[in-house]
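Going by this note's numbering, the sequence shown opens with residue 6, and the numbers climb by one from there.
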Amino acid sequence: MSTDNEIIERSRESPGAFAEVFDRHARTVHRYAARRLDAGVADDVMSETFLVAFERRTAFDGSANALPWLLGIATNLIKKHAPLEARAWKGNFQC
Numbered sequence: 006m007s008t009d010n011e012i013i014e015r016s017r018e019s020p021g022a023f024a025e026v027f028d029r030h031a032r033t034v035h036r037y038a039a040r041r042l043d044a045g046v047a048d049d050v051m052s053e054t055f056l057v058a059f060e061r062r063t064a065f066d067g068s069a070n071a072l073p074w075l076l077g078i079a080t081n082l083i084k085k086h087a088p089l090e091a092r093a094w095k096g097n098f099q100c
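1) Smallest Cα separation from Glu14: which of Leu42, Asn81, Thr80, Ala58?
2) CB-CB under 8 Å to Pro20, same chain, minus the five flanking residues each way: which ones, in chain order?
3) Taking the continuous alpha helix (DSSP H) assigned at Leu56, which residues delimit it?
4) Is Ser16 helix, strand or coil when you go by DSSP?
5) Among the candidates Arg62, Leu42, Leu72, Val50, whose CA atom is the shortest distance from the CA of Ala106?
6) Given this structure, state the Cα-to-Cα distance separating Ala47 from Glu18, to the nearest angstrom.
7) His35: which of Leu76, Asp66, Ser7, Ser16 sits nearest, CA to CA?
Given below as structure tokens:
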């Protein structure tokens, strides 16, 4: 079984290889986001997390496990989405 680092390295030449990182970690990233945000927003955060990771894969630090890196990206996106979600909830309850 390849490490995340090996897969990410391979994805530099063959971008489709990055799908293996998605398959390996998407469920965990989604659960992480869903504990902090509405389920629909968690879907968006998960998708954005992997988009950002794919775009920044050349900057990956070479760790065998990409999950901490992915959760860091997700955390930053959650911080961006949380205020927007709070405003949406406020708007729903104003009379």
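Even for Gly, the Cβ is constructed at its ideal location relative to N, Cα and C.
On the basis of the supplied data:
1) By 1-based counting over the sequence shown, the position of residue 14 is 9. Ranking Leu42, Asn81, Thr80, Ala58 by Cα distance to Glu14 puts Ala58 first.
2) On the sequence shown, residue 20 is found 15 positions in, with the first residue counted as 1. Excluding positions up to five away in sequence, the list reads Phe59.
3) Stepping through the sequence shown from its first residue, residue 56 is reached at position 51. Unbroken alpha helix (DSSP H) run through Leu56: 44 to 60.
4) Here residue 16 refers to the residue found at position 11 of the sequence shown. Ser16: helix per DSSP, three-state reduction.
5) Outside the shown range of the chain, which is 6 to 100, sits residue 106, and nothing can be said about it.
6) For the purposes of this step, residue 47 is identified with residue 42 of the sequence shown, where counting begins at 1. For the purposes of this step, residue 18 is identified with residue 13 of the sequence shown, where counting begins at 1. Answer to the nearest angstrom: the Cα atoms are 30 Å apart.
7) Along the sequence shown, one-based indexing puts residue 35 at 30. It is Leu76.
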